[in-house]
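See structure below.
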Amino acid sequence: QQQVKQSPQSLIVQKGGISIINCAYENTAFDYFPWYQQFPGKGPALLIAIRPDVSEKKEGRFTISFNKSAKQFSLHIMDSQPGDSATYFCAGGLIKAAGNKLTFGGGTRVLVKP
Amino acid sequence: EAGVAQSPRYKIIEKRQSVAFWCNPISGHATLYWYQQILGQGPKLLIQFQNNGVVDDSQLPKDRFSAERLKGVDSTLKIQPAKLEDSAVYLCASSDRQGGNYGYTFGSGTRLTVV
């Protein structure tokens, strides 16, 4: 059962452009929604995260927009740079005393052309 | 701060053979996770430990996969016997009890190829 659906699977953007990745979730019990960035040969690294009581969160060139009623959230990468070329994963997270549990989307491969 | 260490980085085995992966989490992190990442997909949780106890192993194929975390620090994940569909990257991650930054720290993974 895929609880987090991510689109598109891949996208190409010119340097300086905006990359937009969308996710939809089914489990309304999720407590937070993180985005991870993964470079080839490396593990995913936390990029930015949002709680469901917030509609938008911005950190530098990265912004999460969250729509609770639609059960959707998105990542916007402003002024995309070649160094942003990576695979991005959205996730739904459950906060538990024994440790948080993440359910990942399928990933989006982003290529930023110089 | 040292990251999550995993070894080996790569492993190629024939089907029906056995293989083991090792993980050393960040010092002091009580929670340890093993994820399976098949090429082109997002990571999928296999097992979660809190100290040396299993919290969640509902998605671990227990007929062939096993994992342990002795003394609540290092962990090993074993596959016996391996199948072709086990080809994937096996990621280890750790977090502190509260996970206050909402994130885990992942290791670089072990890429397993079963031929």
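Read top to bottom, the protein sequences are chains A and B. In terms of our numbering, the numbers along the first sequence are unbroken and rise by one, the last being 322. In terms of our numbering, the numbers along the second sequence are unbroken and rise by one, the last being 421. No residue lacks a Cβ here, since even glycine has one placed at the ideal position from N, Cα and C.
Item	Value
Residues in the same chain with beta-carbon distance under 6 Å from Tyr-410(B), minus the five sequence neighbours each way, listed in chain order, please.	Ala-399 and Ser-401
Relative to the C-alpha of Phe-412(B), which candidate in Ile-318(B), Ala-336(B), Lys-321(B) and Tyr-341(B) has its C-alpha closest?	Tyr-341(B)
Using 8 Å for Cβ pairs, my map puts Val-212(A) next to Thr-295(A). What's the rounded Cβ distance?	Contact flag wrong, Cβ pair sits at about 15 Å.
Flag this pair as yes or no: are the beta carbons of Arg-269(A) and Asp-287(A) separated by less than 8 Å?	yes
Quick one, which of Glu-264(A), Gln-222(A) and Gly-314(A) has its alpha-carbon nearest Asn-275(A)'s?	Glu-264(A)
Taking a contact to mean a Cβ-Cβ separation below 8 Å, would you say Phe-327(B) touches Gln-347(B) in this structure?	no
Kindly indicate which residue of Thr-337(B), Tyr-316(B) and Pro-367(B) has the alpha-carbon position closest to the one of Asn-475(B).	Outside the displayed span of chain B (307 to 421) sits residue 475(B), for which this structure offers no information.
May I ask which residues mark the beginning and end of the beta strand (DSSP E) holding Phe-247(A)?	Taken as a continuous stretch (DSSP letters only), Phe-247(A) belongs to no beta strand (DSSP E), as it is neither H nor E.
Please classify Pro-242(A) as buried or exposed, where buried requires at least 16 other C-beta atoms within 10 Å of its C-beta.	buried
Cα separation between Leu-218(A) and Ile-318(B)?	Reading the sequence as shown, one finds Ser at residue 218(A) and not Leu. Distance between the alpha carbons of Ser-218(A) and Ile-318(B) is about 29 Å.
Please say whether Gly-309(B) and Ile-344(B) have beta carbons closer to each other than 8 Å?	no
Taking just the CA atoms, how far does Lys-377(B) sit from Ala-305(A)?	20 Å
Check the DSSP bridge columns for Lys-350(B) and list the partner residues they point to.	Gln-342(B)
Residues of the segment 246-275 of chain A with a CB closer than 8 Å to any CB of chain B: list them in chain order, please.	Gly-249, Lys-250, Gly-251, Pro-252, Ala-253, Leu-254 and Ala-257
With distance defined between alpha-carbon atoms, name the residue in Asn-230(A), Gly-313(A), Gln-214(A) and Thr-236(A) nearest to Ser-277(A).	Thr-236(A)
Just checking my contact of Glu-320(B) with Val-395(B) at CB under 8 Å: how many whole Å lie between their CB atoms?	Glu-320(B) to Val-395(B), Cβ: 19 Å. No contact.
So if DSSP puts Leu-283(A) in a beta bridge, which residue, or which two residues, is it bridged to?	Ile-229(A) and Ile-272(A)
How many angstroms separate the CA atom of Gln-354(B) from the CA atom of Pro-248(A)?	25 Å
Which residues mark the beginning and the end of the beta strand (DSSP E) in which Asp-362(B) is found?	359-362
Give the DSSP-derived three-state secondary structure of Glu-178(A) in the structure shown.	The displayed coordinates of chain A run from 209 to 322. Any statement about residue 178(A) would go beyond what the structure contains.
So what's Glu-264(A) in DSSP terms, helix, strand or just coil?	strand
Please identify the residue among Ser-414(B), Val-361(B), Arg-417(B) and Glu-391(B) whose C-alpha is closest to the C-alpha of Arg-322(B).	Glu-391(B)
Indicate whether Gln-245(A) and Gly-313(A) have their beta-carbon atoms separated by less than 8 Å.	no
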